[in-house]
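Residue numbers (this note's numbering): 122 to 378.
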Amino acid sequence: MRIVSLSVDGVHQAAQRGLYDWLADQDADIICLQDLRSLEPELDHPIFHPDGYYSYFFDSGTPHENGVAIYTRSQPKAIIFGMGFANGEDMYGRYLQADFERLSVGSLLAPQAAAGDEASLEKKVQFFDDMQAHLTKISRKRRDFIFCGNWGIAHRRADVQNWQDHQDTPGFMRHEQRWLDQLFNDIGYIDAFRKVVKDADEFTWWPSGTVGEGDGWRTDMQVTSHGLRNRIEYGAINKNVEFSSHLPVIMDYELEV
């Protein structure tokens, strides 16, 4: 099973840059897109509903703001909107999940935070604290999970170019690194790309807005539940295309839905 994930900085712009033509050649079973910046009624054009796929969207209700999508060749048994945090703070970001027989695949857009903006930093911390509780709870289920998305945080020094300059930058602050330490080391989830690719200088996002300009970060990940640790076959970041300030993450799994 192949999953392609990408944060698109606006799906209409990405489409104009050839995103859907490129996706048609990727032989993906599931495609997860984030940061659509479009409401679902604005996506009625056939280009946003590729042949051979079931299409699902979850917008923010506000024009030009976040939104996620899942395309899947196999019809899911259920579609889940949001993570169901009791306080509703999962809506600071966006999350859409497709449930199959024994597998769930999610498209995640985590909330972003800006340096000096205490309100956005607090919302981001609350989101990830609630998400950790949610991921801990579902880790006990007899079900496998793959969370694809723009997480907005980087884990290790190898994941941030010139990391020395970014130790106080939101996305690579110490508490954010600790959150991923707990996710991977204590709760048992797997950074699928890092399971098969150990190289440094593998980046997916450029805060400058242009791929290759300034420092690169690896903030786009496919994270799997522990039971899939030996089902990860292949991983790559496609560096030959440019649809947004992010690059596509392509992962192959020894799985069928």
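All residues carry an ideal CB built from backbone N, CA and C; glycine is no exception.
Taking the C-alpha atoms as reference points, what is the distance between residue i and residue j?
i: Gln298; j: Val318; result: 19 Å
i: His170; j: Thr193; result: 11 Å
i: Ile259; j: Ile191; result: 21 Å
i: Trp143; j: Asn359; result: 11 Å
i: Ser195; j: His296; result: 38 Å
i: Asp220; j: Gln343; result: 16 Å
i: Glu334; j: Asp322; result: 14 Å
i: Leu140; j: Arg261; result: 37 Å
i: Pro162; j: Asp180; result: 10 Å
i: Ala145; j: Tyr216; result: 24 Å
i: Asp251; j: Gln218; result: 17 Å
i: Phe249; j: Pro232; result: 9 Å
i: Lys316; j: Ile353; result: 7 Å
i: Ser176; j: Gln303; result: 33 Å
i: Gln282; j: Met122; result: 31 Å
i: Thr325; j: Phe268; result: 16 Å
i: Glu363; j: Glu222; result: 34 Å
i: Leu160; j: Ile168; result: 15 Å
For the beta strand (DSSP E) containing residue i, name the first residue and the last one.
i: Ala236; result: Looking at the DSSP string, Ala236 is not in any beta strand (DSSP E), and its letter there is neither H nor E.
i: Gln217; result: Looking at the sequence itself, residue 217 is Leu, so the reference to Gln does not match. Leu217 -> beta strand (DSSP E) spans Arg215 to Asp220.
i: Phe178; result: Tyr175 to Phe179
i: Leu144; result: Leu144 -> not in any beta strand (DSSP E); alpha helix (DSSP H) instead, spanning Leu140 to Leu144.
i: Tyr192; result: Val189 to Thr193
How would you label residue i, buried or exposed, when you count the other beta carbons within 10 angstroms and need 16 or more for buried?
i: Ser329; result: exposed
i: Gln137; result: exposed
i: His367; result: buried
i: Gly237; result: exposed
i: Asn351; result: exposed
i: Gln155; result: buried
i: Pro197; result: buried
i: Ala420; result: Because the chain is modelled from 122 through 378, residue 420 falls outside the range shown and cannot be assessed.
Give a yes or no on whether the C-beta atoms belonging to residue i and residue j are separated by under 8 Å.
i: Thr183; j: Gly273; result: no
i: Asp165; j: Leu224; result: no
i: Tyr310; j: His255; result: no
i: Val226; j: Ile151; result: yes
i: Gly188; j: Phe202; result: no
i: Gly214; j: Leu229; result: yes
From which residue to which residue does the alpha helix (DSSP H) around residue i run?
i: Glu132; result: First, the amino acid is wrong: residue 132 is Val here, not Glu. Looking at the DSSP string, the run of the alpha helix (DSSP H) that includes Val132 is Val132 to Gln137.
i: Val317; result: Ala313 to Val317
i: Arg295; result: Arg295 to Asp302
Following a CB-centred definition, is residue i positioned closer than 7 Å to any heavy atom of the ligand GTP?
i: Arg264; result: Summarising the ligand content, the structure contains no ligands, and the ligand GTP is consequently not present.
Three Cβ pairs or more, each shorter than 8 Å: is that satisfied between the stretch 366-377 and the stretch 274-289? Result no; under three Cβ-Cβ pairs closer than 8 Å.
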